[in-house]
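Trainee:
Chains as they are written, first to last, in my numbering: chain E, 15 to 518; chain V, 15 to 518.
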């Protein structure tokens with residue numbers, strides 16, 4: 015580093031002109047050390063190299079170094095050259111010396127992780143296919159034309175959009191044309207874009223589900239829109255309350271977090287509403303890859319690609335850290351969305367090309383298939399263990415995705431969450447997913463992300479979970495009317511109720 | 015692909031229940047082919063695999079395939095299995111069949127490139143260090159803990175922020191603490207974030223330079239802010255007109271596009287204004303790595319890290335396609351900016367980790383050093399050739415960056431641009447960089463990006479450029495008073511005028 019540092023000549027901001035070169039250099043170096051621009055331990059260039067670099071005499075540099083060694087700012091040792099001292103003198107207080115601001119961490123500190131992590135929304139991060147990804151990255155980078163490194167199409171790389179169009183048609187029944195796909199940095203980013211588009215069109219209100227992600231509601235509200243929750247019952251979200259809202263945000267294939275599938279009559283009703291009013295349906299298909307017990311439910315978008323925005327993501331199938339998601343847009347929305355995105359691509363091209371390579375080579379399918387098998391085993395173990403250990407707790411929403419909802423006896427959610435925190439078990443209560451204006455009574459439940467732990471931590475996490483579940487109490491009448499679905503093959507069919515959900 | 019496609023079982027959206035399974039499957043397959051969900055040539059799974067997948071009898075699948083072969087939708091050939099026919103029958107028009115919308119390109123079309131490309135703002139894309147980048151990516155990915163794949167700190171990965179803090183202090187004199195760095199997807203993204211922060215604080219106006227990027231002005235205006243241009247003269251942008259604006263956007267180290275350095279008195283005046291009024295200075299240091307003829311000019315941010323936002327980018331030093339840039343924020347702004355970013359990291363972690371590895375390993379310094387040498391040679395050739403071939407044209411802004419400004423005789427810019435387009439030479443006129451309300455007379459000039467062409471195209475591009483430059487005309491009095499800087503060593507010092515710039 016020392017050599018390049020010196021040869022670059024871009025470091026000291028010394029302008030040692032005039033008669034007092036040595037003094038100028040000494041001051042500049044001292045200042046750089048004191049203010050932290052030169053960190054303790056940094057090796058300085060040799061006096062020869064620095065002298066050449068600055069166009070001054072070598073002895074001048076050597077003298078300046080000697081001064082600073084004497085003052086304690088630098089150290090000089092045979093064989094390891096001149097370095098910034100590990101502990102430098104306290105500043106003599108020259109005015110204008112800037113210290114690092116108090117209260118900002120200057121070194122990374124690992125986030126403290128719970129002993130057991132069953133938070134929903136994250137796949138098993140230890141299963142990211144590092145070797146396969148690197149292989150795909152190499153192939154993609156070797157084959158890429160130079161223009162990929164340029165500012166790109168605001169929709170994202172054509173290679174990825176083309177691969178996604180093929181994949182989404184095949185796997186999710188999406189009517190996807192590469193020209194209508196917009197790559198974005200996560201579904202949240204996609205919602206920011208759509209919110210901005212709707213707001214620019216003069217929209218004021220977006221309908222959302224009574225249960226959902228508050229992050230998404232806040233993002234939409236951040237663009238100036240109001241979110242109003244739709245009723246929710248045993249058939250899923252009820253679109254019959256849709257009136258003049260500009261759009262509705264739904265999770266039709268796998269309601270988040272309740273886990274059900276939107277009933278086919280409701281799917282049709284949503285599309286009817288969109289056609290009748292010109293409203294926009296935003297379909298959040300966050301985990302469409304993971305379905306265990308029956309035929310996959312095709313995307314709602316397939317029913318009417320001109321009124322439905324399909325939103326998918328690599329966050330569950332691969333990893334959130336990739337920050338890659340995609341919108342499939344109705345034709346009339348593409349230009350506006352690209353402009354709302356800032357008129358530029360915002361996702362790194364290398365990951366885009368790598369994911370395209372991953373999709374077209376079959377590596378994506380292989381990874382998803384292996385992950386599905388592992389998650390399904392975990393789900394089976396969880397459902398069986400909960401049925402055995404806590405028969406008053408009912409697992410619902412189990413036929414897809416990476417989480418289940420554990421319905422608790424009424425009034426026990428808070429106590430269960432407290433018990434979990436004593437066990438250092440991270441898990442969410444259902445209440446945090448309930449829209450503040452949801453027209454339904456609160457339910458007591460846990461939302462358990464069984465995809466989250468790495469394999470070695472899974473059985474411990476499951477044990478910790480079972481240990482905190484409330485014990486049977488005769489009067490609690492837990493989840494009255496809910497048929498406990500205790501086996502993988504329990505056979506939910508599209509639109510099946512997965513336990514009562516408390517319509518008001 | 016056929017096997018995974020089948021084993022995935024996520025493709026057909028057939029729900030072959032009820033008595034007429036064969037009919038249901040046939041319809042579903044036909045529909046998938048007609049609507050394009052199954053592309054011509056796609057190989058279907060074997061009847062055994064699909065039957066297992068759907069839980070129906072193998073003969074039913076075989077019969078459905080046979081029906082569709084007979085109808086012409088599929089083809090069956092010994093040894094290559096059953097495939098979607100290359101040309102499928104014209105649809106018999108079942109209602110609801112969706113066709114791809116007209117007017118959307120369904121296949122990628124390469125952008126047409128000019129024969130000679132001297133547009134400013136892009137480095138030589140052919141010099142992206144692919145092999146080095148892959149090496150760094152492998153190292154980074156092998157060493158990364160699993161948590162990198164999670165949703166991350168909205169500021170970006172700590173590894174990259176730490177590496178940047180060290181680099182920016184060393185190379186640009188920035189007072190950078192990892193806790194105050196925000197990684198973003200380009201400087202444009204950073205400006206969107208800052209615009210949103212300012213707007214949320216109730217700001218209405220941002221001062222900008224009379225010459226600059228209209229994209230940046232529009233992004234700020236897109237957040238609801240007004241941009242007002244400051245006067246510009248031989249010392250650079252004049253901050254004495256700053257009053258109650260919420261912020262000022264500047265390119266102090268290398269004015270874009272004029273190329274000069276902000277005079278030290280003006281630097282001090284900007285900081286004074288910020289301290290006096292609480293205004294924010296946004297320092298766009300887009301190409302701080304590339305300076306050729308003198309000591310680098312340290313970042314303005316070093317003068318007052320509490321009032322200046324420093325914005326840097328990998329777009330010029332590596333490639334725009336990486337979509338990686340960074341803001342160094344005053345302490346009080348970090349939380350607001352992270353929220354304005356959407357509360358989530360939006361840049362892929364793999365590129366972030368790779369760039370961190372690139373910085374700490376010295377590969378970044380080596381790449382920049384080599385690039386600087388190549389660009390400097392190009393600049394020298396350009397300046398010398400223009401002086402020789404078109405002495406009435408004056409090259410200014412030559413001591414840094416990847417572009418020069420060629421001052422033309424008054425009234426000749428439009429004609430020169432027309433001549434360039436006849437030569438299939440892409441180059442910009444200065445007028446497009448002038449703020450519509452700039453308080454100065456228009457100048458005639460070209461903004462020439464000499465970093466843009468790959469090496470093999472450089473001499474041809476230079477020749478094309480010289481061929482379109484206006485010939486000497488006695489009465490034109492080109493650039494009256496401008497000392498032509500024809501050699502690399504011409505010795506601009508900080509704050510030097512680089513030719514008159516037409517103050518009104």
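Glycine included, each C-beta is placed from N, C-alpha and C at the ideal position.
Closer than 7 Å by beta-carbon distance: list the chain E residues that pair up with residue 203/V, in chain order.
Mentor: Within the second chain, the letter at position 189 stands for residue 203/V. Neighbours of residue 203/V on chain E, chain order: 356, 360.
Trainee: Skipping 5 residues on each side, what residues in its chain have a beta carbon closer than 6 Å to that of residue 504/V?
Mentor: Numbered from 1 along the second chain, position 490 holds the residue referred to as residue 504/V. For residue 504/V, the pLDDT reaches just 34, beneath the cut-off of 50, and the residue's location in the model is therefore unreliable, although a value from the coordinates is still provided. Excluding sequence neighbours, residue 504/V sits near nothing in its chain.
Trainee: Thinking C-beta only, is residue 443/V closer than 7 Å to residue 268/V?
Mentor: Residue numbering aside, residue 268/V sits at position 254 when the second chain is read from its first letter. Residue numbering aside, residue 443/V sits at position 429 when the second chain is read from its first letter. Not a contact, by the Cβ cut-off of 7 Å.
Trainee: Any beta carbon of chain E sitting closer than 7 Å to that of residue 321/V?
Mentor: Here residue 321/V refers to the residue found at position 307 of the second chain. No, residue 321/V lies away from the interface with chain E (no Cβ there is under 7 Å from its Cβ).
Trainee: Apart from the five residues just before and just after residue 96/V, which ones in its own chain have a Cβ nearer than 6 Å to its Cβ?
Mentor: Here residue 96/V corresponds to residue number 82 of the second chain, with the count starting at 1. Cβ neighbours of residue 96/V beyond the five flanking positions: 58, 79, 88, 90.
Trainee: Smallest Cα separation from residue 215/E: which of 293/E, 226/E, 169/E, 164/E?
Mentor: Within the first chain, numbered from 1, the residue matching residue 215/E stands at position 201. That would be 293/E, whose Cα lies nearest to the Cα of residue 215/E.
Trainee: Provide the residue(s) that pair with residue 198/E in DSSP beta bridges, ordered along the chain.
Mentor: For the purposes of this step, residue 198/E is taken as the residue at position 184 of the first chain. Answer is 339/E, bridged to residue 198/E.
Trainee: In this structure, does DSSP put residue 234/E in helix, strand or coil?
Mentor: Here the question's residue 234/E lines up with position 220 in the first chain. Residue state, collapsed to three classes: helix.
Trainee: With DSSP as the reference, label residue 132/E as helix, strand or coil.
Mentor: Taking the first chain and counting its residues from 1, the one referred to as residue 132/E is at position 118. The answer is coil: DSSP assigns residue 132/E none of H, G, I, E or B.
Trainee: So, under 8 Å CB-CB, residue 173/V and residue 367/V are touching, yes? Tell me the CB distance rounded to an integer number of Å.
Mentor: Taking the first residue of the second chain as position 1, residue 173/V is located at position 159. Taking the first residue of the second chain as position 1, residue 367/V is located at position 353. Going by Cβ atoms, the distance from residue 173/V to residue 367/V rounds to 6 Å, so yes, they are a contact pair.
Trainee: Applying the criterion that 16 or more other CB atoms from any shown protein chain within 10 Å of the CB defines a buried residue, is residue 61/E buried or exposed?
Mentor: Here residue 61/E refers to the residue found at position 47 of the first chain. It is buried - the Cβ of residue 61/E has at least 16 other Cβ atoms within 10 Å.
Trainee: Please tell me whether residue 108/V has its Cβ less than 7 Å away from any Cβ of chain E.
Mentor: Against the second chain, residue 108/V aligns to sequence position 94. The predicted model places residue 108/V with a pLDDT of 30, which falls under 50 and marks its position as unreliable, so this point remains unresolved.
Trainee: Determine the burial state of residue 428/E: buried for a count of at least 16 other Cβ atoms within 10 Å of its Cβ, exposed for fewer.
Mentor: Here residue 428/E refers to the residue found at position 414 when the first chain is read from its first residue. When all chains shown are included, residue 428/E counts as exposed.
Trainee: Tell me the DSSP bridge mates of residue 221/V?
Mentor: For this step, residue 221/V is matched to residue 207 along the second chain. Answer is 242/V, 262/V, bridged to residue 221/V.
Trainee: Quick one: which chain E residues come within Cβ less than 9 Å of residue 298/V?
Mentor: Along the second chain, one-based indexing puts residue 298/V at 284. Correct list: empty, because the minimum Cβ distance to chain E is about 16 Å.
Trainee: Buried or exposed: where does residue 55/V fall if 16 or more other Cβ atoms within 10 Å of its Cβ makes it buried?
Mentor: Position 41 of the second chain, counted from the start, is the residue given in the question as residue 55/V. Result: exposed.
Trainee: Is the beta carbon of residue 358/E less than 7 Å from the beta carbon of residue 207/E?
Mentor: What you label residue 358/E is simply residue 344 of the first chain in a count that begins at 1. What you label residue 207/E is simply residue 193 of the first chain in a count that begins at 1. Going by C-beta atoms, residue 358/E is not nearer than 7 Å to residue 207/E.
Trainee: Apart from the five residues on each side of it in sequence, which residues of its chain come closer than 7 Å, Cβ to Cβ, to residue 99/V?
Mentor: As a first step, residue 99/V must be located in the second chain, where it is residue number 85. Within the same chain, residue 99/V has close Cβ partners 54, 86, 87, 88, 89.
Trainee: Smallest Cα separation from residue 163/V: which of 379/E, 140/E, 474/E, 473/E?
Mentor: Here residue 163/V refers to the residue found at position 149 when the second chain is read from its first residue. Checking every option, the nearest Cα to that of residue 163/V belongs to 140/E.
Trainee: Below 9 Å on C-beta distance, what does residue 140/E contact in chain V?
Mentor: What you label residue 140/E is simply residue 126 of the first chain in a count that begins at 1. 160, 163, listed in chain order.
Trainee: Scan the segment 36 to 100 of chain E and note each continuous alpha helix (DSSP H) run of 4 residues or more that stays entirely inside, going in chain order.
Mentor: The qualifying runs are 61 to 68, 72 to 85.
Trainee: Going by the beta-carbon positions, is the gap between residue 456/V and residue 445/V smaller than 7 Å?
Mentor: The residue you call residue 456/V lines up with position 442 of the second chain. The residue you call residue 445/V lines up with position 431 of the second chain. Cβ distance < 7 Å, so residue 456/V and residue 445/V count as in contact.
Trainee: Going along chain V, which residues have a C-beta under 9 Å from residue 364/E?
Mentor: Indexing the first chain from 1 puts residue 364/E at position 350. What residue 364/E touches in chain V: 147, 151, 335, 336, 362, 364, 365, 368.
Trainee: Is the Cβ of residue 132/V closer than 7 Å to any Cβ of chain E?
Mentor: If you number the second chain from 1, residue 132/V lands on position 118. No, because no Cβ of chain E sits closer than 7 Å to the Cβ of residue 132/V.
Trainee: Express the C-alpha separation of residue 314/E and residue 281/E in angstroms, rounding to a whole number.
Mentor: Residue numbering aside, residue 281/E sits at position 267 when the first chain is read from its first letter. Residue numbering aside, residue 314/E sits at position 300 when the first chain is read from its first letter. In a straight line, the C-alpha of residue 281/E is about 7 Å away from that of residue 314/E.
Trainee: Taking only the alpha-carbon atoms, compute the straight-line gap between residue 77/V and residue 183/E and give it to the nearest angstrom.
Mentor: Along the second chain, read from residue 1 onward, the residue named residue 77/V stands at position 63. Along the first chain, read from residue 1 onward, the residue named residue 183/E stands at position 169. For residue 77/V and residue 183/E, the distance between alpha carbons rounds to 24 Å.
Trainee: Tell me which residues of the segment 166 to 190 of chain V have at least one Cβ-Cβ distance to chain E shorter than 7 Å, keeping chain order.
Mentor: Against chain E - using a Cβ distance shorter than 7 Å - the residues of the segment 166 to 190 of chain V are 166, 172, 176, 180, 183, 184, 185, 187, 189.
Trainee: Using a Cβ-Cβ cut-off of 8 Å (strictly less than) and excluding sequence neighbours within five positions of residue 236/E, which residues of its own chain qualify?
Mentor: Here residue 236/E is taken as the residue at index 222 of the first chain, counted from 1. Around residue 236/E: 206, 209.
Trainee: Could you check what DSSP says for residue 348/E in three-state terms: helix, strand or coil?
Mentor: Position 334 of the first chain, counted from the start, is the residue given in the question as residue 348/E. Of the three classes helix, strand and coil, the one that applies to residue 348/E here is helix, per DSSP.
Trainee: Roughly how many angstroms lie between the CA atoms of residue 468/V and residue 277/E, to the nearest whole one?
Mentor: Taking the second chain and counting its residues from 1, one reaches residue 468/V at position 454. Taking the first chain and counting its residues from 1, one reaches residue 277/E at position 263. Taking the straight line from one Cα to the other gives about 57 Å.
Trainee: For residue 440/E, which residues of its own chain have a beta-carbon under 6 Å away from its beta-carbon, when the five flanking residues on both sides are left out?
Mentor: What you label residue 440/E is simply residue 426 of the first chain in a count that begins at 1. Cβ within range, chain order: 128, 131, 133.
Trainee: So if DSSP puts residue 297/E in a beta bridge, which residue, or which two residues, is it bridged to?
Mentor: For the purposes of this step, residue 297/E is taken as residue 283 along the first chain, with counting starting at 1. The partner list for residue 297/E (beta bridge, DSSP) reads 264/E, 324/E.
Trainee: With H, G and I counted as helix, E and B as strand and the rest as coil, what does DSSP make of residue 421/E?
Mentor: In the first chain, the residue the question calls residue 421/E occupies position 407. In the structure shown, residue 421/E sits in a strand (DSSP, three-state: E or B).
Trainee: Starting from residue 460/E and walking both ways along the beta strand (DSSP E), at which residues does that stretch end?
Mentor: Counted from its first residue, the first chain places residue 460/E at position 446. It spans 459 to 463 - the beta strand (DSSP E) in which residue 460/E sits, taken as one unbroken run.
Trainee: Please classify residue 454/V: does DSSP put it in a helix, a strand, or coil?
Mentor: To locate residue 454/V, count along the second chain from 1; it is residue 440. Note: residue 454/V maps to strand in three-state DSSP.
Trainee: With distance defined between alpha-carbon atoms, name the residue in 305/V, 272/V, 483/V nearest to residue 435/V.
Mentor: What you label residue 435/V is simply residue 421 of the second chain in a count that begins at 1. Selected option, being the one with the closest Cα: 483/V.
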